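S.K.:
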Amino acid sequence: MMTDENPAAKAVVVENLVKTYPPDIRAVDMISFSIGSGEIFGLLGPNGAGKTTTIKMIIGLISPTYGSLRLFGVDVAKSPQAARRLLGYVPQNVSVDGDLSGYENLLIFSRLFYVGRDERRERIAKALKYVGLSERANELVKHYSGGMMRRLEVAQALVNRPKILFLDEPAIGLDPGSRREIWESIRQLRKDFGTTIFITTHDMSEADYLCDRVAIMDSGKIVVMGPPSKLKESLGGDVVTFQLTQPGQEVTLPGDLGQVVHQDDSTIKILTQDGHKTAPLMVLALKDQGVEIQSMSIDVPSLDDVFLKYTKRRLDEHGNISEARATRRSIARYSK
Amino acid sequence: MTLGERVSSALTIADMEARKIHHDSTELWTRLVQPALWLLIFGEVMNSIRGLSTGSLSYIEFITPGVLAQSVLFVAIFYGINIVWEKDVGVLTKLLSTPSPYSSIVIGKALSAGIRGIFQAVMIFGLALVIGVNVRLDVLDVAGVFVAIIVFAMCFSSLSMLLASFLRTRDRMMGIGQLITMPLFFASNAIYPLSIMPRWLQYVAMVNPVSYTVDAMRAMLLTGDYSNLPVDIAAISISTILFVSLASLTIKRMIE
């Protein structure tokens, strides 16, 4: 699939995409990638990396400064409306209307998508049942929980059946149970309808669990791209993490022992070939440099480590999640 | 994109708003207080002192179409606040990512301001009848007044959406709404005839779509003199088309 040269067979083809904002901010800085039809693709990166800007350009909500975009062969800049018939979009914020019932949300948006009258009725009933909202379909959405709102958004995709669904941080601000449910229904969408899925996330476990391929994005650039398993393998070997009793000075290691990929006041992370052999040597080397070790662990690399290696920074999750939670709460409060 | 699809999208958006009003109509009821006060207090007082020459009409008759227009103007000019709210929660982004054209979305929203306007009009109409305003109850005239109200509401709600695309916050929209409604209302023939205005104000009133709407409604509701009607219709239509077109072009700015 990845070697297919016919551009129409590709769900998304992005070439040299740039978005700058005045005075001189390059939100998206020359990125190129393509997504095969039926693929689940993730754009992974910290808050402010340019993920949402990228999504909004692909679906034609903001115009790129430079570069070209195709959705199933349709040029987004030239025929935005034709492109929008192919896609569904679930923004990061709640996008269902709190002042309408669950049923009305599905009905109105299916009409805006030009789903035929007969199909509409049947699909809405089925979708409500699938996401477990049949009982509460006639209740106003502002009385729903955050998880129920997200499920309703998935139901919209079930009714409108876009060829490609864009989800901006699909599980943000949800409790672990609801996250699982959303992930399962995203997979189910692809299985049942062959829907291509494009997600953005700052959550590596989400990217790892859902995506066939991820592109890691930082400061507007794609730093590395590939299947999560390959990316992790490419780091080779193990990650050895030392917890420190007190902050120490910056450490260096002989090259054959491993590479220090991260150091802060309480931890040192080292990428190495075979952790079980090199760890004891590292302990000695660190002791020599005056580091006091509290504990140590040896793990296989995670996507977080991949990110760390290529960007020299950690994926910062906390700010992002609590922010989104606060938005959800304030929306719920305001509409009640 | 067929014409049928465009129309269907616009009607769907209007339906969406109508359903919201159906779920909660508190706002519409509170908006009735102000026009009722204009009619019952200002109208009655000015009527009894007979300070303004309003031709063959009593003063309270004269201002009934004006108060009608004013109440619809208020509803329409603050309509952009709803759009800002929808932008803040994410619904607008979602609407603009559907295949429906932006112009249909703007027209649909404008129509729903028309629905709110009709609600106001029916209530004020009723009030006017109760206090004894001598309204011409001809079916065509009444229908004409309702059409005028819908178009008028579309005109100023799309102006409001146009402003919202640039101002983008609820606070600024409240401010600009306050800033322009009163001048629009006072620099028109809503509560006094053009002839008693100073010359410069007459010129302002002549480019003010409110004047043409009030004039058309006054003709249909009260005088039955249709001689100005073609000009009125042309003026309201042109400004509505202008604002709807501009708002359709700028609404995307809201989410950029």
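So the protein lines, in turn, are chains H and U. Numbered continuously in the numbering used here, the first sequence closes out at residue 336. Numbered continuously in the numbering used here, the second sequence closes out at residue 592. Positions of the beta carbon are idealized from the N, C-alpha and C atoms, including for glycine. Note that the structure is predicted; figures quoted are calculated from it, not measured.
#1: With a cut-off of 8 Å on the beta carbons, I'd call H:Ala49 and H:Asp218 a contact; round off their distance for me.
#2: Which residue wins for smallest C-alpha separation from H:Arg151, given the options H:Ser185, H:Lys142 and H:Thr267?
#3: Residue range of the alpha helix (DSSP H) that H:Asp92 falls in?
#4: According to DSSP, simplified to helix, strand and coil, what is H:Tyr66?
#5: So which residues of chain H does U:Gly426 contact, with C-beta pairs closer than 8 Å?
#6: What is the DSSP secondary structure of U:Thr429, counted as helix, strand or coil?
#7: Using 8 Å as the cut-off, can you tell me whether the segment 557-564 of chain U makes contact with the segment 470-478 of chain U, which would need three or more C-beta pairs spanning the two stretches below that distance?
#8: What did DSSP end up calling H:His262 once you bin it into helix, strand or coil?
#9: If you pair each beta-carbon of the segment 133-148 of chain H with each one of the segment 113-122 of chain H, do three or more pairs fall below 8 Å?
#10: Using a Cβ-Cβ cutoff of less than 7 Å, which residues in the same chain neighbour U:Met337 once the five nearest sequence positions on both sides are dropped?
#11: If you measure from the beta carbon of U:Ser345 to each beta carbon in chain H, is any gap under 9 Å?
#12: Out of curiosity, what's the CA-to-CA distance linking H:Glu135 and H:Ile124?
#13: Quick one: is H:Ile40 buried, meaning 16 or more other Cβ sit within 10 Å of its Cβ, or exposed?
#14: Relative to the C-alpha of H:Asp175, which residue among H:Ile31, H:Ser63 and H:Met148 is closest?
#15: Less than 9 Å between the C-beta atoms of U:Ser493 and U:Gly402, yes or no?
#16: With H:Asp238 as the anchor, note down where its beta strand (DSSP E) starts and where it stops.
#17: Determine the direct distance from the alpha carbon of U:Gln406 to that of U:Met533, and round the result to whole angstroms.
#18: Taking just the CA atoms, how far does U:Asp424 sit from U:Met590?
#19: Between the Cα of U:Gly462 and those of U:Leu404, U:Ile516 and U:Gly480, spot the shortest distance and give me the residue it belongs to.
#20: Tell me which residues of the segment 501-529 of chain U have at least one Cβ-Cβ distance to chain H shorter than 9 Å, keeping chain order.
#21: Could you tell me which whole beta strand (DSSP E) segments of length 3 or greater appear in the segment 105-173 of chain H?
#22: If we ignore side chains and look at the alpha-carbon of each, how far apart do U:Val483 and U:Ser501 end up?
#23: Is H:Ile25 close to chain U, meaning its C-beta is less than 9 Å from at least one C-beta of that chain?
#24: Which chain U residues sit within Cβ distance under 8 Å of H:Phe109?
#25: With DSSP run on the structure shown, which of helix, strand or coil describes H:Leu253?
#26: Buried or exposed: where does U:Arg452 fall if 16 or more other Cβ atoms within 10 Å of its Cβ makes it buried?
#27: So that I know if they touch, is there some Cβ in chain U lying closer than 9 Å to that of H:Glu317?
#28: Is U:Lys356 close to chain H, meaning its C-beta is less than 9 Å from at least one C-beta of that chain?
#29: Going by C-alpha to C-alpha distance, which of U:Arg504, U:Phe455, U:Gly387 and U:Ile419 sits closest to U:Tyr528?
#30: Using DSSP's beta-bridge definition, name the partner residues of H:Arg213.
#31: Mind pulling the alpha helix (DSSP H) runs of 4 or more residues that sit fully within the segment 177-233 of chain H?
#32: Tell me the residue span of the beta strand (DSSP E) that contains H:Leu271.
#33: With C-beta atoms as the reference, is U:Ser448 less than 9 Å away from U:Ile349?
#34: H:Glu206: buried (16+ other C-beta within 10 angstroms of its C-beta) or exposed?
#35: How long is the line joining the alpha carbons of H:Asp265 and H:Asp29, rounded to whole angstroms?
#36: Relative to the C-alpha of H:Asp168, which candidate in H:Pro227, H:Leu303, H:Pro80 and H:Leu44 has its C-alpha closest?
M.R.: On the basis of the coordinates in this document:
#1: Residue numbering aside, residue 49 of chain H sits at position 49 when the first sequence is read from its first letter. Residue numbering aside, residue 218 of chain H sits at position 218 when the first sequence is read from its first letter. With a Cβ gap of about 5 Å, H:Ala49 and H:Asp218 count as contacting.
#2: Taking the first residue of the first sequence as position 1, residue 151 of chain H is located at position 151. Here the closest residue by C-alpha is H:Ser185.
#3: The residue labelled residue 92 of chain H in the question sits at position 92 within the first sequence. The residue you asked about is not Asp; residue 92 of chain H is Gln in the sequence shown. Here H:Gln92 belongs to no alpha helix (DSSP H), and DSSP marks it neither H nor E.
#4: The residue you call residue 66 of chain H lines up with position 66 of the first sequence. Strand, per DSSP.
#5: Position 90 of the second sequence, counting from 1, holds the residue named residue 426 of chain U. Within chain H, the residues near U:Gly426 are Pro91, Gln92, Asn93, Val94 and Ser95.
#6: Numbered from 1 along the second sequence, position 93 holds the residue referred to as residue 429 of chain U. Correct three-state label for U:Thr429: helix.
#7: yes
#8: In the first sequence, residue 262 of chain H corresponds to position 262, counting from 1. Of the three classes helix, strand and coil, the one that applies to H:His262 here is strand, per DSSP.
#9: no
#10: As a working mapping, residue 337 of chain U is identified with position 1 in the second sequence. The answer, listed in chain order, is Pro437.
#11: Sequence index remark: in the second sequence, residue 345 of chain U carries index 9 (1-based). Yes, U:Ser345 lies at the interface with chain H (some Cβ there is under 9 Å from its Cβ).
#12: Counting from one through the first sequence, the residue named residue 135 of chain H turns up at place 135. Counting from one through the first sequence, the residue named residue 124 of chain H turns up at place 124. Their backbone Cα atoms lie some 13 Å apart in a straight line.
#13: As a working mapping, residue 40 of chain H is identified with position 40 in the first sequence. Its Cβ being crowded by 16 or more others within 10 Å, H:Ile40 is buried.
#14: For this step, residue 175 of chain H is matched to residue 175 along the first sequence. Of the listed residues, the one whose Cα sits closest to H:Asp175 is H:Met148.
#15: On the second sequence, residue 493 of chain U is found 157 positions in, with the first residue counted as 1. On the second sequence, residue 402 of chain U is found 66 positions in, with the first residue counted as 1. Going by C-beta atoms, U:Ser493 is not nearer than 9 Å to U:Gly402.
#16: Counted from its first residue, the first sequence places residue 238 of chain H at position 238. Start and end: Asp238 to Leu244.
#17: Looking up residue 533 of chain U in the second sequence gives position 197. Looking up residue 406 of chain U in the second sequence gives position 70. If you take the alpha carbons of U:Met533 and U:Gln406, they lie about 19 Å apart.
#18: If you number the second sequence from 1, residue 590 of chain U lands on position 254. If you number the second sequence from 1, residue 424 of chain U lands on position 88. Rounded to whole angstroms, U:Met590 to U:Asp424 spans 10 Å at the Cα level.
#19: Locating residue 462 of chain U in the second sequence gives position 126, counting from the first residue. It is U:Leu404 whose Cα lies nearest to the Cα of U:Gly462.
#20: none
#21: 164-168
#22: In the second sequence, counting from the first residue as 1, residue 483 of chain U sits at position 147. In the second sequence, counting from the first residue as 1, residue 501 of chain U sits at position 165. Cα to Cα, the separation comes out at about 27 Å.
#23: One-based indexing of the first sequence puts residue 25 of chain H at position 25. So, not an interface residue.
#24: As a working note, residue 109 of chain H is residue 109 in the first sequence. Correct list: Lys430 and Thr434.
#25: Position 253 of the first sequence holds residue 253 of chain H. In the structure shown, H:Leu253 sits in coil (DSSP, three-state: anything other than H, G, I, E or B).
#26: Numbered from its first residue, the second sequence carries residue 452 of chain U at position 116. Classification of U:Arg452: buried, given that the 10 Å Cβ count is 16 or more.
#27: Position 317 of the first sequence holds residue 317 of chain H. At H:Glu317, the pLDDT of 43 sits below 50, so the modelled position is not reliable; the number obtained from the coordinates is stated separately. It does not; no Cβ of chain U falls within 9 Å.
#28: Counting from 1 along the second sequence, the entry for residue 356 of chain U is found at position 20. By this cut-off, U:Lys356 is an interface position.
#29: For the purposes of this step, residue 528 of chain U is taken as the residue at position 192 of the second sequence. Residue U:Gly387 is the option with its Cα nearest to U:Tyr528.
#30: For the purposes of this step, residue 213 of chain H is taken as residue 213 along the first sequence, with counting starting at 1. Per DSSP, H:Phe41.
#31: 204-210
#32: As a working mapping, residue 271 of chain H is identified with position 271 in the first sequence. Start and end: Thr267 to Thr272.
#33: Position 112 of the second sequence, counting from 1, holds the residue named residue 448 of chain U. Position 13 of the second sequence, counting from 1, holds the residue named residue 349 of chain U. The answer is yes: Cβ separation under 9 Å.
#34: Counting from one through the first sequence, the residue named residue 206 of chain H turns up at place 206. Classification for H:Glu206: buried.
#35: Residue 265 of chain H sits at position 265 when you count from the first residue of the first sequence. Residue 29 of chain H sits at position 29 when you count from the first residue of the first sequence. Computed Cα separation, rounded: 32 Å.
#36: Numbered from 1 along the first sequence, position 168 holds the residue referred to as residue 168 of chain H. H:Asp168 has its Cα closest to that of H:Leu44, out of H:Pro227, H:Leu303, H:Pro80 and H:Leu44.
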